Amino acid sequence: MQTSVLMINLYMAKEKMYVIGCTSLIMLVLLM
């Protein structure tokens, strides 16, 4: 049970990082 919660948290963190990376890339492209 605890391991599944940990995996979900890791997955969410990865998704957040991916979204942040995409948004920052788009901002860089728009600024250029």
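Sequence positions in the sequence shown follow the working numbering and run 104 to 135.
Backbone N, C-alpha and C fix where the C-beta goes; we use that ideal spot for every residue, glycine too.
Source: prediction; values computed, not measured.
For M115, the uninterrupted alpha helix (DSSP H) segment begins and ends at Q105 to L134. Within the model, the alpha-carbon separation for T106 versus E118 is close to 18 angstroms. Taking C-alpha positions only, M120 is separated from V108 by approximately 18 angstroms.
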